[in-house]
Ligand code: ATP
Ligand code: MG
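Numbering (the working numbering), first residue to last: -13 to 540.
Written out as structure tokens, the structure reads:
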């Protein structure tokens, strides 16, 4: 029986619109600007837009909001498409792949329409003059001399703008609304500017480009988007959105706003993420420490867990800061169900099992206790094994259930051993333990008579596979990075990456694939990094087994 979840406020709006017959079906869009890689905030928007369409039998367009030629690039377009497909686990999630730049001619015609209606004018003022004339929130702006240009003159000047007769910034086209409006964005907003720049799709066809407020709503309308969902900072833009639709008499798309996702110990702005990449604080957009979708993917987060996270946080109307641990919780929950268990020793201590005379034995170990169909794998056992250095204490306190002189432990999926002798080098450091094993204690046999509390992971020395392990931590030390004083880069965690050049893994790890998820027993969840090769296996720690952060750092 599935749990009935209450509707979020956008679902309520959609249900009302469908019930009243206002819409027969819904069409949403996800409108990324291709000026960076997608981050977890975008994931929220993707889940919301695609989720609504899925729930109510509608569709979603992927529309690249590519109206700013300077910062946009096809590398970003490709990464965005890849990330959306991955996040939604769907090769064809969008109804149509569209580009605002494909509407440039039509948007230009919309501007011409406004001019003809006496609702737009060409302004020769400098940007400083425009800013001054605009007034302040408490003081109305002033109408300048260009505002009363005739329709003919405006048409002729706007054509000349398009034809490249002017330099960048020499003229702009403004909507003629109200210089005294209490909404500053309605004080004759600029709708077209001159920019002699190459566009990644339209090349050099255009030297004038529409502003966001004269491109976004128009694109929604051209596509007949029913519910145009954006983040709260666009609330003051909504009157302009509606004004354009009304004056141009085009399809009445409606804008709705929800709170953007902000997360602790993260930044959620493409501009800042780009700085981290360009200034090499991280290796790339998909560095596993980045809050980007590609970074999280590389780190081993699953699309299911990201979707679960987006679902859990819900759709809010007020800004808030979501705890990064909630995302990690979702990741752990999913990985616990799907991860293959493996044994890896990070910091080895050699154990010689003095009474073991079988040479090598192949033992079976379950791949996943959470999955009855998970099967088993072969794990070689031999006279010499590695255990973790910190699983042994020469002088152990009471209730120490790991290995100590005279004490017994179980080796996972193998035998019970007892520590008989501690071998030290000349400096007095422990270099080896001599142990004996109980041959009747093989995993699965009845050992009820023996009192052993601890179980250790181990690997056979002869068959151990050296792997590189990359341990990640929070990228920032500050909980609310955006609100912290000064440059956000001052809060970068210097210990966000720890590389263990050699850890010792069981041989089955040689077969690990990029898509697989692993739990290194007692260590955490791991996945193969994309830089891994058969000669040099590299694993990323996705997340620790428990939330250790809370205890250590607060
Ligand atoms: P950034 O601040 O990272 O530059 P943006 O809003 O400029 O983000 P766009 O590419 O324009 O980036 O965003 C595409 C869509 O994703 C928009 O609809 C935007 O509202 C939404 N979006 C962006 N950031 C977030 C966020 N943190 N939470 C929820 N939705 C977001
Ligand atoms: Mg944007």
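For glycine and all other residues, C-beta sits at the position ideal for the given N, C-alpha and C. On a predicted model such as this, the values are computed, not experimentally measured, just so you know.
Where residue i sits in the DSSP three-state scheme
i           : result
residue 69  : helix
residue 537 : Only weak support exists for where residue 537 lies, its pLDDT of 46 falling under 50; the coordinates are left without a value.
residue 433 : coil
residue -13 : Residue confidence is low: residue -13 scores 42 on pLDDT, short of 50, so the model does not pin down where it sits. No coordinate-derived value is stated.
residue 387 : coil
residue 143 : helix
residue 170 : helix
residue 22  : coil
residue 247 : strand
residue 266 : coil
residue 14  : strand
residue 217 : strand
residue 404 : strand
residue 108 : strand
residue 418 : strand
residue 525 : strand
residue 182 : coil
residue 153 : coil
residue 409 : strand
residue -4  : helix
8 Å Cβ cutoff met for residue i and residue j
i           : j           : result
residue 16  : residue 32  : yes
residue 147 : residue 177 : no
residue 223 : residue 242 : no
residue 217 : residue 90  : no
residue 175 : residue 254 : no
residue 179 : residue 195 : yes
residue 50  : residue 70  : no
residue 335 : residue 372 : yes
residue 409 : residue 380 : no
residue 339 : residue 405 : no
residue 514 : residue 499 : yes
residue 457 : residue 479 : no
heavy atom of ligand 1 below 7 Å from residue i C-beta
i           : result
residue 87  : no
residue 352 : no
residue 217 : yes
residue 247 : yes
residue 295 : no
residue 51  : yes
residue 281 : no
residue 200 : no
residue 17  : yes
residue 27  : yes
residue 239 : no
residue 256 : yes
residue 31  : yes
Buried/exposed call for residue i, threshold 16 Cβ in 10 Å
i           : result
residue 443 : buried
residue 489 : buried
residue 548 : With the chain covering only -13 through 540, there is no way to say anything about residue 548.
residue 563 : The question about residue 563 has no answer here: the residues shown for the chain are numbered -13 through 540.
residue 209 : buried
residue 304 : exposed
residue 589 : The question about residue 589 has no answer, for the chain in this structure spans -13 to 540.
residue 124 : exposed
residue 273 : buried
residue 59  : exposed
residue 285 : buried
residue 108 : buried
residue 492 : buried
residue 537 : Residue placement at residue 537 is flagged as unreliable, the pLDDT there being 46, under the threshold of 50; the coordinate-derived value follows with that caveat. Answer is exposed; the Cβ neighbour count stays below 16.
residue -13 : With a pLDDT of 42 at residue -13, under the threshold of 50, the modelled position of that residue is not reliable, and no figure is offered here.
residue 539 : Here the model assigns residue 539 a pLDDT of 42, short of 50, so the residue's position is not dependable, and the following value carries that caveat. Burial call: exposed.
residue 575 : The question about residue 575 has no answer here: the residues shown for the chain are numbered -13 through 540.
residue 293 : buried
C-beta neighbour in chain B for residue i, strict 8 Å
i           : result
residue 466 : Among the chains of the structure shown, chain B does not appear; only one protein chain is present.
Closer than 7 Å: residue i CB and nearest ligand 3 heavy atom
i           : result
residue 513 : In the structure shown, ligand 3 is absent; the only ligands present are ligand 1 and ligand 2.
In chain order, which alpha helix (DSSP H) runs of at least 4 residues are fully inside the stretch 311 to 345? none
Which whole runs of the beta strand (DSSP E) in the stretch 185 to 238 are 3 residues long or more, in chain order? 194 to 196, 213 to 217
Continuous beta strand (DSSP E) assignments of at least 3 residues falling wholly in the stretch 27 to 87: 45 to 50, 83 to 85
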